[in-house]
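Enquirer:
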């Protein structure tokens, strides 16, 4: 269910209407949680179950870290949440790549046996919720944030559907207080959210997809095109990936704003950077800041 699809627009309209029609804060939280799991299950039901189990484990491990005063036990529990989440990420992203590489190595050595290829489906947004689960565990370990007492609130922090597809990476200290805060209807916030969403939709459909129509055929058969066309395709591709990624992020910010939540900006005119280091600070800001704070 992509942000730019009719199915998502129907889904979000229904969630938006029910959310603001509910006078009870707790019911709104459960509505958003159910909507987030439905959004994820629309890609694959089993993967929605996996993220549910994974977040439940992370929740109880973090509670254990916060409750313990034993440094060894705290480090052990932190290792469990970090290694567990990274293992899931590596399995879903690299299992088939690893087996294929091993098979090629064996064939190069003269072996004739082949390894079965796993039918591993890459969960949408797995990198984002992996990084969020890790930053939460580390922040609880460092005592930068208290362990969340509500499992539902923690699950919503991890699975909140606007940021699940393309980020930004959300910090617990920024998002969990927003869950606890009762939302009031605000026309200005609704207008800002709609502007973000429409801007992102324009970037994706009017720019990124149009640039892809030019760049893809050139990259598929570059020998059939002149040098000028190839260079133009390179420029078109650069514009395509920026508008595609930042477009989805803008749509995420817009949907979150319309539900009363604020997500961080993830791009700041990266192609206007004076050097590579500045570009890195302006491109996928939530990832670069995550790497700075947690590696």
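In my numbering, the protein residues as written are 1 to 295. Heads up, the beta-carbon is just placed ideally off N, CA and C, and yes, glycines get one too. Owing to the predicted nature of the structure, the values given are computational and were not obtained by experimental measurement.
1) CB-CB under 7 Å to residue 171, same chain, minus the five flanking residues each way: which ones, in chain order?
2) Measure from the alpha carbon of residue 28 to the alpha carbon of each residue in 81, 66, 181, then state which is nearest.
3) For the segment 219-233 against the segment 258-271, do three or more pairs of beta-carbon atoms, one drawn from each stretch, fall closer than 8 Å, so that the two count as touching?
4) Drop a sphere of 10 angstroms on the beta-carbon of residue 7, count the other beta-carbons inside from all chains shown, and report buried for 16 or more, exposed for fewer.
5) With DSSP collapsed to three states, give me the class of residue 25.
6) Suppose only complete runs of 4+ residues qualify. What are the alpha helix (DSSP H) ranges in the segment 230-278, listed by chain order?
7) For residue 294, name the three-state secondary structure that DSSP assigns.
8) For residue 165, name the three-state secondary structure that DSSP assigns.
9) Leaving out five residues on either side along the sequence, give the residues of the same chain with a beta carbon under 6 Å from the beta carbon of residue 279.
10) To the nearest angstrom, report how far apart residue 192 and residue 209 are at their CA atoms.
11) Could you round the C-beta distance between residue 48 and residue 40 to whole angstroms and report it? I think they count as a contact, below 8 Å.
12) Which of helix, strand or coil does DSSP assign to residue 117?
13) Which term fits residue 184, buried or exposed, when burial requires 16 or more other beta carbons within 10 angstroms of its beta carbon?
14) In three-state DSSP terms, what is residue 85?
15) Just to confirm, are residue 244 and residue 196 a CB contact at a threshold of 7 Å?
16) Is it the case that the Cβ atoms of residue 156 and residue 179 are separated by a distance below 7 Å?
17) When you compare the CB positions of residue 247 and residue 203, do they come within less than 7 Å of one another, or not?
18) Since residue 154 contacts residue 55 with CB under 8 Å, what's their CB separation in whole angstroms?
19) Residue ranges of each beta strand (DSSP E) run of no fewer than 3 residues wholly in the segment 152-212, ordered along the chain?
20) If residue 215 sits next to residue 236, beta carbons under 8 Å apart, how far is it from one beta carbon to the other, in whole angstroms?
21) From residue 151 to residue 90, what distance separates their C-alpha atoms?
22) If you follow the alpha helix (DSSP H) that residue 52 is part of, which residue opens it and which one closes it?
23) Take residue 138 as the anchor and find which of 188, 79, 159, 33 has the nearest alpha-carbon.
24) Express the C-alpha separation of residue 188 and residue 260 in angstroms, rounding to a whole number.
25) Apply the 10 Å Cβ neighbour rule to residue 296 and answer buried if 16 or more other Cβ atoms are within range, or exposed otherwise.
Expert: Let me lay it out:
1) Here residue 171 corresponds to residue number 171 of the chain shown, with the count starting at 1. Result list for residue 171: 135, in chain order.
2) In the chain shown, residue 28 corresponds to position 28, counting from 1. Selected option, being the one with the closest Cα: 181.
3) no
4) The residue given as residue 7 occupies position 7 in the chain shown. It is exposed - the Cβ of residue 7 has fewer than 16 other Cβ atoms within 10 Å.
5) Here residue 25 refers to the residue found at position 25 when the chain shown is read from its first residue. Residue state, collapsed to three classes: helix.
6) none
7) Looking up residue 294 in the chain shown gives position 294. Here residue 294 sits in helix by DSSP.
8) In the chain shown, residue 165 corresponds to position 165, counting from 1. Residue 165: coil per DSSP, three-state reduction.
9) The count along the chain shown starts at 1 and reaches residue 279 at position 279. Result list for residue 279: 270, 273, in chain order.
10) Taking the first residue of the chain shown as 1, we reach residue 192 at position 192. Taking the first residue of the chain shown as 1, we reach residue 209 at position 209. Roughly 24 Å between the two C-alpha positions.
11) For this step, residue 48 is matched to residue 48 along the chain shown. For this step, residue 40 is matched to residue 40 along the chain shown. Residue 48 to residue 40, Cβ: 4 Å. Contact.
12) Start at 1 with the first residue of the chain shown, and residue 117 comes out as number 117. Reliability fails at residue 117, whose pLDDT of 48 lies under 50, so the model's placement of it is uncertain and no value is given.
13) Along the chain shown, one-based indexing puts residue 184 at 184. Residue 184 comes out exposed.
14) Stepping through the chain shown from its first residue, residue 85 is reached at position 85. Three-state result, residue 85: helix.
15) In the chain shown, the residue the question calls residue 244 occupies position 244. In the chain shown, the residue the question calls residue 196 occupies position 196. In this structure, residue 196 does not lie closer than 7 Å to residue 244 by Cβ.
16) Looking up residue 156 in the chain shown gives position 156. Looking up residue 179 in the chain shown gives position 179. A contact, by the Cβ cut-off of 7 Å.
17) Counted from its first residue, the chain shown places residue 247 at position 247. Counted from its first residue, the chain shown places residue 203 at position 203. It is a contact, given that the beta carbons lie within the stated cut-off.
18) Your numbering for residue 154 matches position 154 in the chain shown. Your numbering for residue 55 matches position 55 in the chain shown. Confirmed, Cβ separation roughly 7 Å.
19) none
20) Indexing the chain shown from 1 puts residue 215 at position 215. Indexing the chain shown from 1 puts residue 236 at position 236. Indeed they touch by this definition, with Cβ atoms about 4 Å apart.
21) Your numbering for residue 151 matches position 151 in the chain shown. Your numbering for residue 90 matches position 90 in the chain shown. Looking at the two C-alpha atoms, the distance is approximately 26 Å.
22) Position 52 of the chain shown, counting from 1, holds the residue named residue 52. Segment 45-67, the alpha helix (DSSP H) holding residue 52.
23) What you label residue 138 is simply residue 138 of the chain shown in a count that begins at 1. The shortest Cα separation from residue 138 among 188, 79, 159, 33 belongs to 79.
24) Indexing the chain shown from 1 puts residue 260 at position 260. Indexing the chain shown from 1 puts residue 188 at position 188. Rounded to whole angstroms, residue 260 to residue 188 spans 11 Å at the Cα level.
25) Since the first residue shown for the chain is 1 and the last is 295, residue 296 is missing from the structure and cannot be characterised.
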